[in-house]
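The sequence shown lines up with residues 57 to 203 when you count with our numbering. Heads up: the structure comes next, in structure tokens.
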Amino acid sequence: MLGLTMATGTVEVHTRQRTFLKSLSWRFFATGQTILIAFLLTGTLDVAFKVGLPDFAFKFVSYYVFERIWLFTALQNLQNKRIIKMLMWKVVAVSLSMVITYVVTGQISTALRLGPIDTTLKTLILYLHELLWDCIPFGKTIVKKED
57 MLGLTMATGT
67 VEVHTRQRTF
77 LKSLSWRFFA
87 TGQTILIAFL
97 LTGTLDVAFK
107 VGLPDFAFKF
117 VSYYVFERIW
127 LFTALQNLQN
137 KRIIKMLMWK
147 VVAVSLSMVI
157 TYVVTGQIST
167 ALRLGPIDTT
177 LKTLILYLHE
187 LLWDCIPFGK
197 TIVKKED
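Here is the structure:
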């Protein structure tokens, strides 16, 4: 478990199971959106799933690692942490989506159209996902910070 330093002199600790479930819940929702966007851009369900399935796999692993990194104390002390974290993930996520779309379709124009649409739709949803998980106690404990 890694600790999160909080302003009140306490540390928030997350289990790996919590990170796994948080990552999984986001990936199911986000991949569904990616498949829908790919379908609307290409008109082909087959292509949409060929984009969505690798998107799920690569981003699930990436998001899990990303979440674990953000549990380090130095990152928890950043002002506007939630906004910075969200924007950093969006850079990683849109890059992966565009590369996967290009590899699957062979069309840079489709990849370049998917990227901004995907980012715009998912940015607010990711922020709300973070807020929701902040309220879920599973796998999260708060302990007194050791000095």
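From the three backbone atoms N, C-alpha and C, an ideal C-beta is built for every residue, glycine too.
Buried versus exposed call for residue i [16 or more other C-beta atoms within 10 Å across all chains shown]
i, result
"Thr-100", "exposed"
"Val-103", "buried"
"Ile-156", "buried"
"Thr-87", "buried"
"Ile-91", "buried"
Element boundaries [alpha helix (DSSP H), containing residue i]
i, result
"Gln-132", "129-132"
"Ile-140", "137-161"
"Glu-186", "164-191"
"Glu-123", "101-125"
Contacting residues, own chain, Cβ-Cβ under 8 Å from residue i (five flanking each side not counted)
i, result
"Leu-152", "Asp-111, Phe-114, Lys-115 and Ser-118"
"Leu-134", "Ile-140"
"Trp-82", "Tyr-119, Leu-182 and His-185"
"Leu-77", "Phe-194 and Gly-195"
Same chain, Cβ closer than 7 Å to residue i, five either side skipped, listed in chain order
i, result
"Glu-123", "Thr-75, Lys-78 and Ser-79"
**OP:** Check whether the segment 190-202 touches the segment 149-164, counting contact only when three or more Cβ pairs, one atom from each stretch, lie closer than 8 Å.
**Re:** No contact exists between the segment 190-202 and the segment 149-164.
**OP:** Would you check if the segment 87-105 and the segment 64-73 touch, i.e. whether three or more CB-CB distances between them fall below 8 Å?
**Re:** The segment 64-73 vs the segment 87-105: no contact.
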